[in-house]
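Here's the structure we're looking at; comments come further down.
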Amino acid sequence: MSAMTVPNLAIGSDHHLMPVLGFGTAASPPPEPLLLKQTVLDAIKLGYRHFDTSPRYLTEEPLGEALAEAVSLGLVGSRSELFVTSKLWCADAHGGLVVPAIQRSLKNLKLDYLDLYLIHWPVSSKPGKYKFPIEEDDFLPMDYEAVWSEMEECKRLGLAKCIGVSNFSCKKLQHILSIATIPPSVNQVEMSPVWQQRKLKELCKSKGIVLTAYSVLGSRGAFWGTPKIMESDVLKEIADAKGKTVAQVSMRWAYEEGVSMVVKSFTKKRLEENLKIFDWSLTEEEMHRISTEIAQCRIVGGEVYISKKGPIKSLEEMWDASLSLRVLASFHLLPRHQLVLLTAYQPTNEMYVRTSSDACKMGRYRM
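Position one of the sequence shown corresponds to residue 1 (full-length UniProt numbering), numbered consecutively onward.
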C-alpha cells in the first residue's frame with residue numbers, strides 16, 4: 001500500500017509542523033532493539049513521520065539507527081521529513097545539565113537536532129543516578145527557572161526546534177509560563193476518553209500550547225495500563241455502528257478534540273489501522289456520549305515519583321488537586337474481600353479506586 005498522509009499541527013512561535021499522530025516507543029519491558037528498528041521502518045513505509053522517545057525508555061539508540069536506515073534506503077527524502085521528540089530525564093533536570101543531556105540524546109539518535117524536547121516529569125532527582133524507579137532518598141526540588149532557562153538555551157543553540165513539558169498540571173504549567181521567555185510549545189500528558197483533561201485542555205488552548213495525548217488506548221501491555229478504554233461499552237457501541245475498532249474511535253475522538261497523540265504498537269496490522277482515522281468523523285451525538293457517559297479516571301498517577309522524603313509527597317501535590325482519602329473495606333464495584341483505597345478529586349469527585357492487585361476500577365461518584 002502507498003504511504004498515508006498524517007495531518008500536521010503548527011507548534012511554537014516558529015509554527016513548526018508536527019504530525020498529529022506519533023509513534024510511541026515507551027513499553028514495559030522495553031522493546032527488543034531489532035523489533036523496534038523493524039517496526040519503525042514498517043511505520044515509516046505506512047506513513048508515520050513523528051517518533052517519540054526518551055532516555056527513560058531505552059529506545060533512543062535503536063530508534064536513531066532505524067531513522068538513519070530509513071533515510072539511507074530512501075523511505076524518506078531527508079531528515080527534515082521526520083519529526084523526533086525526546087525528553088529530559090529527572091536526573092538531568094538541573095541547571096548546568098540540560099544542554100549536556102540533549103547532546104547525549106542527539107548522539108544516541110544520530111541526529112543534529114530534535115524537533116521537540118520536553119521536560120519528562122516535573123521532578124528532579126540526584127544527578128548521575130539513572131536507576132528506575134528512582135530511590136526514595138534521591139528526589140530533589142526542581143529549580144524550574146534554571147531548568148527552563150536551559151531548555152530555552154537548547155532552542156537558541158539549534159539543538160531543539162521546539163521545547164515543552166510533559167505531565168505538567170495546570171498550576172505547574174502556569175508557573176513555567178510565568179518565568180518563560182520562550183513559552184512551552186507542547187504539554188504531553190495522559191488523555192483519553194476515560195481521562196479527558198478538560199481544564200488542562202482549555203488552559204493550553206488559551207495559551208497557544210498544543211496538548212499531546214498519551215495512553216489514548218489505555219497503554220495495553222504496560223504495567224500502568226488499563227483495559228478500561230478497550231472495554232468501554234460506549235466506545236464499543238460507537239465502533240460497531242461505524243464499522244471501526246474501539247482504538248480507532250478513541251483516536252478519532254482525540255483528533256476531533258484538537259490534540260495530537262502518541263500511540264504505541266509493534267504490530268503492523270494495528271499500525272495500519274491506527275492511521276485510518278482521518279477520512280471519517282464522529283457525529284455530534286457520538287462526541288457528546290463520549291463526553292458525558294464515560295466515567296473518568298486517571299491511569300498514570302505518577303506514584304513512582306512521589307516520596308515522603310522528596311518535594312512531592314502525595315498525588316495531591318503531583319497534580320495540584322484537592323484530595324480526600326478514604327480506605328474502605330468494601331466497594332460496590334469490587335469483591336467485598338478486597339481492600340480498596342479510594343481517592344476523590346475535589347470538586348469534581350473523580351475517583352481513584354485501587355485494589356490490592358493494583359487493578360484500577362474507577363468512576364465518578366458523589367461523596
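Even for Gly, the Cβ is constructed at its ideal location relative to N, Cα and C.
Apart from the five residues just before and just after residue 294, which ones in its own chain have a Cβ nearer than 7 angstroms to its Cβ?
193, 194, 232, 234
For residue 59, which of helix, strand or coil comes out of DSSP?
coil
Would the stretch 129–138 and the stretch 107–116 be scored as touching if the rule is three or more Cβ pairs under 8 angstroms?
With the cut-off at 8 angstroms, the stretch 129–138 and the stretch 107–116 do not touch.
Quick one: residues in its chain with C-beta nearer than 6 angstroms to the C-beta of residue 307, no 5 flanking neighbours on either side, listed in chain order?
So the list reads 136, 139, once near-sequence residues are dropped.
Assuming the contact rule is C-beta atoms closer than 8 angstroms, residue 250 and residue 210 should be a hit. Round their C-beta distance to whole Å, please.
Not a contact, Cβ separation roughly 19 angstroms.
Judging by CA-CA distance, which residue of 276, 53, 25 is the nearest neighbour of residue 252?
276
According to DSSP, is residue 167 helix, strand or coil?
Residue 167 falls in the coil class under three-state DSSP.
In angstroms, rounded to a whole number, what distance separates the CA positions of residue 44 and residue 113?
So the alpha carbons of these two residues sit roughly 19 angstroms apart.
Determine the closest residue to residue 290 out of 266, 196, 214, with distance taken between C-alpha atoms.
196
If you draw a straight line from the C-alpha of residue 204 to the C-alpha of residue 187, how long is it?
8 angstroms
Between 257, 131, 272, 313, which has its C-alpha nearest residue 368's C-alpha?
With the chain covering 1 to 367 only, the question about residue 368 has no answer from this structure.
Quick check on residue 375: does DSSP put it in helix, strand or coil?
The chain is shown from 1 up to 367; residue 375 falls before or after that span and cannot be answered.
Starting from residue 22, follow its DSSP beta bridges and name the residues at the other end.
Beta-bridge pairing links residue 22 to 50, 262.
The beta strand (DSSP E) with residue 292 in it runs from where to where?
No beta strand (DSSP E) holds residue 292; the alpha helix (DSSP H) holding it covers 284–293.
Between which two residues does the alpha helix (DSSP H) carrying residue 275 extend?
268–275
Would you mind stating whether residue 48 and residue 27 have Cβ atoms separated by less than 9 angstroms?
no
May I ask which residues mark the beginning and end of the beta strand (DSSP E) holding residue 11?
Residue range 8–11 is occupied by the beta strand (DSSP E) that includes residue 11.
Under the DSSP definition of a beta bridge, which residues are partnered with residue 190?
Under DSSP, the beta-bridge partners assigned to residue 190 are 214.
Are the CB atoms of residue 105 and residue 86 within a distance shorter than 9 angstroms?
Yes, these two residues count as a Cβ contact at 9 angstroms.
Pick helix, strand or coil for residue 255, following the three-state DSSP scheme.
helix
Between which two residues does the beta strand (DSSP E) containing residue 116 stretch?
114–119
Hey, out of 216, 170, 178, whose CA is closest to residue 202's CA?
170
Is the beta carbon of residue 317 within less than 8 angstroms of some heavy atom of the ligand HEM?
The ligand content of the structure shown is nil, which means the ligand HEM is not present either.
Going by beta carbon distance, what residues of the same chain come within less than 8 angstroms of residue 83, once the five residues before and after it are set aside?
Cβ within range, chain order: 17, 18, 19, 22, 49, 50, 51, 115, 116.
Residues in its own chain within less than 8 angstroms of residue 273 by CB, not counting five upstream and five downstream?
245, 247, 248, listed in sequence order.
By the three-class DSSP mapping on this structure, what secondary structure does residue 228 have?
coil
Out of 217, 24, 318, which has the shortest C-alpha to C-alpha gap to residue 173?
318
Could you check what DSSP says for residue 97 in three-state terms: helix, strand or coil?
coil
Between residue 181 and residue 168, what straight-line distance do the alpha-carbon atoms span, to the nearest angstrom?
18 angstroms
Assuming the contact rule is C-beta atoms closer than 8 angstroms, residue 143 and residue 175 should be a hit. Round their C-beta distance to whole Å, please.
Actually they do not touch by this definition, with Cβ atoms about 12 angstroms apart.
Which value, in whole angstroms, describes the spacing of the CA atoms of residue 98 and residue 92?
Rounded to whole angstroms, residue 98 to residue 92 spans 6 angstroms at the Cα level.
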